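Structure record follows, encoded as structure tokens.
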Amino acid sequence: MYSCQQVLVGKNPELIAILTFLCEQSHKLTNMGIYYGRQLYFKSQKGIGKYDLEKVYKKNNHYKVLHSQAAQQILRTVAESFRSYYGLIKAYSSGKISDRPKIPNYRKKGGMATVSYPSQALKLKGNLLRVPLGNTCKRWFGIDSFLIPMPSNLEFSTLKELRILPRNKCFYWEFIYEKEEVVKPQLNQDNVLGIDHGVNNWLTCVSNVGTSLIVDGKHLKSMNRWYNKQVSTIKENQPTGFWSNRLAAITEKRNRQIRDGINKAARIVINHCLENYIGTIVLGWNKGQKNQIELGKKNNSEFVPIPTARLKERIAQLCSEYGILFIETEESYTSIASFLDGDNLPNYGEKPNDWKPSGKRIKRGLYRSSNNCLINA
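Position 32 of the sequence shown, counting from 1, maps to 23 under the numbering used here, and the rest follow consecutively.
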């Protein structure tokens, strides 16, 4: 099993200058690979192989300024994106998917792209990692490598890849390492935790063994409100597409806070399952619910930015790690159907004409069943 540890690069001007140069070269090399792949497809309807781009660009300065293995990884990633596109085109032609896929497009001019180093290219010197540069870089600038701190909680022998990730005027180290398999606890899959997601209550969880919990979503909603207010203030009277260092800084801070919130919320749910020997999680989910939702301008601005899909994926990932069965189920008509009356739930778009719920939702938070029993739901 592989895992990723992300570390924010400190404000070292010399190191930042090196990373900026490398990521700019990666960006240019990526666009060159995309250009070749697009033109080959447009003119001859032919695809590119895994190693074709390396043969074409191995003498180019954008290739030679990077370490050879890093440059190869960049071009192989481009080739993989085109191979995925070819597969999607076949699926579209055979009717397996409804939307026609788009051919990989160029990256925005003047940007930066990720640089990846396999572990074979790295060397450990004390508690520092030596990251190599290309021969052309050595000839131009007189440097052949730079050193970065090795995380104290990782072993060099488990390290598989190092990525340099540029994002919102910041740089991150991403250490991809092999993680030891977790000893899976003995859980009972007949013990089930049902999860309903929302906004104020991000996750409402109830089990069939008498336990329950709520993951509060008000802090996340408040954080998004404050972020939207700051962005609106900064962009006031500015042209469309305006961006600045200030916007990049507050966006990156918000993204880090959301990522932290996702990991902590998922961990709360998994720990609850482990403590109560719950072996199954069932989460209600309607695909595409955010794309087509119409709650009004204010409610949409609060609901849509909540990263519940990412939280769902994180919970599913942890479930796989700990041997918990994760079930994603459609939740159409659950707000009007009555469990107490045994109402069946049709799938969205398949509701029979004569179907109707036994009870009725009187108002928000209050439901009346067929025998006039009032339920806070």
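Just so it is clear, CB atoms sit at the ideal spot from N, CA and C, and this is done for glycine as well. Keep in mind that this is a model prediction, so the values were computed, not measured.
Q | Nearest candidate by alpha-carbon position, reference I150, set E15, Q177, S110 and K100 | A | By 1-based counting over the sequence shown, the position of residue 150 is 159. One point to set straight first is that residue 150 is Leu, not Ile, in the sequence displayed. Among E15, Q177, S110 and K100, the Cα nearest to that of L150 is on S110.
Q) Buried or exposed: where does F73 fall if 16 or more other Cβ atoms within 10 Å of its Cβ makes it buried? A) For the purposes of this step, residue 73 is taken as the residue at position 82 of the sequence shown. Buried.
Q. Are N254 and R305 closer than 9 angstroms when you measure CB to CB?
A. Looking up residue 254 in the sequence shown gives position 263. Looking up residue 305 in the sequence shown gives position 314. In this structure, R305 lies closer than 9 angstroms to N254 by Cβ.
Q: Report back the beta-carbon spacing between C14 and P157 to the nearest angstrom; my notes put them in contact at under 8 angstroms.
A: For the purposes of this step, residue 14 is taken as residue 23 along the sequence shown, with counting starting at 1. For the purposes of this step, residue 157 is taken as residue 166 along the sequence shown, with counting starting at 1. Contact holds; Cβ gap of about 5 angstroms.
Q: Taking only runs that begin and end inside the segment 197 to 241, name each unbroken beta strand (DSSP E) of 3 or more residues, in chain order.
A: 203 to 207
Q: Within its chain, find whatever has a CB closer than 6 angstroms to the CB of E319; leave out the 5 residues flanking it on each side and keep chain order.
A: Here residue 319 refers to the residue found at position 328 of the sequence shown. L274 and W276, listed in sequence order.
Q. Would you say the segment 8 to 28 touches the segment 46 to 64, given that touching needs at least three Cβ pairs under 8 angstroms?
A. yes
Q | Alpha-carbon spacing of I269 relative to E321, whole angstroms | A | To locate residue 269, count along the sequence shown from 1; it is residue 278. To locate residue 321, count along the sequence shown from 1; it is residue 330. Straight-line Cα distance between these residues: approximately 21 angstroms.
Q | Boundaries (first-last residue) of the alpha helix (DSSP H) holding F12 | A | For the purposes of this step, residue 12 is taken as residue 21 along the sequence shown, with counting starting at 1. Segment P4 to S35, the alpha helix (DSSP H) holding F12.
Q. Under a Cβ-count criterion, where at least 16 other Cβ atoms within 10 Å of its own Cβ denotes burial, should T11 be classed as buried or exposed?
A. Taking the first residue of the sequence shown as position 1, residue 11 is located at position 20. The residue in question, T11, is exposed, as its Cβ has fewer than 16 Cβ neighbours within 10 Å.
**Q.** Outcome for N291 when other beta-carbon atoms lying within 10 angstroms are tallied against a minimum of 16
**A.** The residue labelled residue 291 in the question sits at position 300 within the sequence shown. Only weak support exists for where N291 lies, its pLDDT of 49 falling under 50; the value from the coordinates is given anyway. Exposed, since its Cβ has fewer than 16 Cβ neighbours within 10 Å.
Q. Under three-state DSSP, which class holds H263?
A. Here residue 263 refers to the residue found at position 272 when the sequence shown is read from its first residue. H263 falls in the helix class under three-state DSSP.
Q: Could you give the DSSP three-state label for F147: helix, strand or coil?
A: As a position in the sequence shown, residue 147 is number 156, starting the count at 1. Here F147 sits in helix by DSSP.
(Q) Once DSSP output is grouped into helix, strand and coil, what is the label at T127? (A) What you label residue 127 is simply residue 136 of the sequence shown in a count that begins at 1. The answer is helix: DSSP assigns T127 an H, G or I state.
Q | Residues near N159 by beta carbon distance below 6 angstroms, same chain, minus five either side | A | As a working note, residue 159 is residue 168 in the sequence shown. Only A239, T242 and E243 meet the Cβ criterion.
Q: Could you name each continuous beta strand (DSSP E) segment of 3 residues or more that falls completely within the segment 53 to 138, going from the start of the chain to the end?
A: 106 to 109, 114 to 116 and 119 to 123
Q.
Suppose the cutoff is 8 angstroms on Cβ atoms and the five residues either side in sequence are ignored; what does the same chain contact list for P337 look like?
A. Here the question's residue 337 lines up with position 346 in the sequence shown. Excluding residues within five positions, the ones whose Cβ falls inside 8 angstroms are S323, Y324, P343 and W346.
Q) If we count the other Cβ atoms within 10 Å of its Cβ and call it buried at 16 or more, is I259 buried or exposed? A) In the sequence shown, the residue the question calls residue 259 occupies position 268. Under this definition I259 is an exposed residue.
Q) According to DSSP, is E172 helix, strand or coil? A) Your numbering for residue 172 matches position 181 in the sequence shown. Residue state, collapsed to three classes: coil.
Q.
Quick check: the Cα distance between L309 and T299, rounded to an integer number of angstroms?
A. If you number the sequence shown from 1, residue 309 lands on position 318. If you number the sequence shown from 1, residue 299 lands on position 308. Cα to Cα, the separation comes out at about 15 angstroms.
Q. Taking the alpha carbon of R98 as the point to measure from, which residue in T127, N362, I297 and S17 has its own alpha carbon closest?
A. Here the question's residue 98 lines up with position 107 in the sequence shown. Nearest C-alpha to R98: S17.
Q. In chain order, what residues of the same chain have a beta carbon less than 6 angstroms from the beta carbon of I249, not counting five sequence neighbours either side?
A. Here residue 249 corresponds to residue number 258 of the sequence shown, with the count starting at 1. The answer, listed in chain order, is P298.
Q: Specify, as a first and last residue, the run of the alpha helix (DSSP H) that K354 falls within.
A: For this step, residue 354 is matched to residue 363 along the sequence shown. No alpha helix (DSSP H) contains K354, which is instead part of the beta strand (DSSP E) from K351 to K354.
Q.
In the DSSP assignment, the beta strand (DSSP E) including D43 goes from what residue to what residue?
A. The residue labelled residue 43 in the question sits at position 52 within the sequence shown. Careful: D43 lies outside any beta strand (DSSP E), inside the alpha helix (DSSP H) at D43 to Y48.
**Q.** Status (buried if at least 16 other CB within 10 Å, exposed otherwise) for L302
**A.** Counted from its first residue, the sequence shown places residue 302 at position 311. Buried.
(Q) Assess contact between the segment 186 to 201 and the segment 223 to 236, defined as three or more Cβ pairs (one per stretch) separated by less than 8 angstroms. Is contact present? (A) no
Q. Which whole-angstrom value is the C-beta distance of G125 and K55, which I expect to be below 8 angstroms?
A. Here residue 125 corresponds to residue number 134 of the sequence shown, with the count starting at 1. Here residue 55 corresponds to residue number 64 of the sequence shown, with the count starting at 1. Between K55 and G125 the Cβ distance is about 5 angstroms, and since that is below 8 angstroms, they are a contact.
Q. Going straight from the alpha carbon of V222 to that of G350, what length do you get?
A. To locate residue 222, count along the sequence shown from 1; it is residue 231. To locate residue 350, count along the sequence shown from 1; it is residue 359. Cα to Cα, the separation comes out at about 44 angstroms.
Q) Is there contact between the segment 102 to 116 and the segment 125 to 135, where contact requires at least three CB pairs shorter than 8 angstroms? A) no
Q: May I ask you to report which of helix, strand or coil DSSP gives Q248?
A: Working through the sequence shown from its first residue, we reach residue 248 at position 257. DSSP places Q248 in helix when its eight states are reduced to three.
Q | Check whether L184 and C264 have beta carbons under 9 angstroms apart | A | Locating residue 184 in the sequence shown gives position 193, where the first residue counts as 1. Locating residue 264 in the sequence shown gives position 273, where the first residue counts as 1. Yes. Within cutoff.
Q | Pair within 9 angstroms by beta-carbon distance, Q(-3) and F147 | A | Here residue -3 refers to the residue found at position 6 when the sequence shown is read from its first residue. Here residue 147 refers to the residue found at position 156 when the sequence shown is read from its first residue. Contact flag unset, no.
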